[in-house]
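Novice: Just dropping this structure here.
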């Protein structure tokens, strides 16, 4: 309907601001990315946020052990494997940091910087974990017609 009366640029701006489902993601997450990824499918978002909450800490523990052992090839594989998990919950900047880590590993460059970068990533994940958990609860509540959990 909007396309009929507005040009494409105007429609795009309106669609970025308005989430069709009515659900608004937490402002400290990459809201624009999440709205684009999930469109109005909050059920899909709930599934992926749930997977993240259930698995990410264990995955980071595995990565830490592999990094401590200096097994760079396995570390590169593990980093590549978990990269998308952060974007799917709106932590796109962590995905970018993992891409940097993966590039360093692939090129066998500056490997001495990996422990600090990994520590930074783990610290951010731990800091945002409660927000992601609350966001999952808020989406679940939204789907059942309840109030948000702030």
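Residue numbers (the working numbering): 34 to 183.
C-beta atoms are modelled at their ideal positions from N, C-alpha and C, and glycine is treated no differently.
Using CA atoms only, rank isn't needed, just tell me which of 164, 73 and 171 is closest to residue 124.
Specialist: Residue numbering aside, residue 124 sits at position 91 when the chain shown is read from its first letter. Comparing Cα-Cα distances from residue 124 to each of 164, 73 and 171, the minimum goes to 164.
Novice: State whether the segment 63 to 76 contacts the segment 146 to 155, with contact taken as three or more CB pairs (one from each stretch) at a distance under 8 angstroms.
Specialist: No, the segment 63 to 76 is not in contact with the segment 146 to 155.
Novice: If you run the structure through DSSP and keep just helix, strand and coil, what is residue 177?
Specialist: Against the chain shown, residue 177 aligns to sequence position 144. In this structure, residue 177 counts as coil in the three-state DSSP scheme.
Novice: Report buried or exposed for residue 171, applying the criterion of at least 16 other Cβ atoms within 10 angstroms of its Cβ.
Specialist: Counted from its first residue, the chain shown places residue 171 at position 138. Counting Cβ neighbours within 10 Å, residue 171 comes out buried, since at least 16 surround it.
Novice: Below 8 angstroms on the Cβ atoms is my guess for residue 100 versus residue 147; work out the distance and round it to an integer in Å.
Specialist: Position 67 of the chain shown, counted from the first residue, corresponds to residue 100. Position 114 of the chain shown, counted from the first residue, corresponds to residue 147. With a Cβ gap of about 6 angstroms, residue 100 and residue 147 count as contacting.
Novice: Check for me: the alpha helix (DSSP H) holding residue 118 runs from which residue to which?
Specialist: As a working mapping, residue 118 is identified with position 85 in the chain shown. Start and end: 105 to 120.
Novice: Per DSSP, what kind of secondary structure is residue 161 in: helix, strand or coil?
Specialist: Reading the chain shown from its first residue, position 128 is the one you call residue 161. Of the three classes helix, strand and coil, the one that applies to residue 161 here is helix, per DSSP.
Novice: Helix or strand or just coil, what does DSSP make of residue 68?
Specialist: Position 35 of the chain shown, counted from the first residue, corresponds to residue 68. Residue state, collapsed to three classes: helix.
Novice: I need the boundaries of the alpha helix (DSSP H) containing residue 76, first residue and last residue.
Specialist: For the purposes of this step, residue 76 is taken as residue 43 along the chain shown, with counting starting at 1. 75 to 102 is the span of the alpha helix (DSSP H), which, as asked, contains residue 76.
Novice: In whole angstroms, what is the alpha-carbon distance linking residue 160 and residue 127?
Specialist: On the chain shown, position 127 is the one that residue 160 refers to. On the chain shown, position 94 is the one that residue 127 refers to. About 12 angstroms.
Novice: Could you spell out the range, first to last residue, of the alpha helix (DSSP H) harbouring residue 140?
Specialist: In the chain shown, the residue the question calls residue 140 occupies position 107. 125 to 140 is the span of the alpha helix (DSSP H), which, as asked, contains residue 140.
Novice: Do the segment 83 to 93 and the segment 135 to 145 touch if we need at least three Cβ pairs shorter than 8 angstroms?
Specialist: Result no; under three Cβ-Cβ pairs closer than 8 angstroms.
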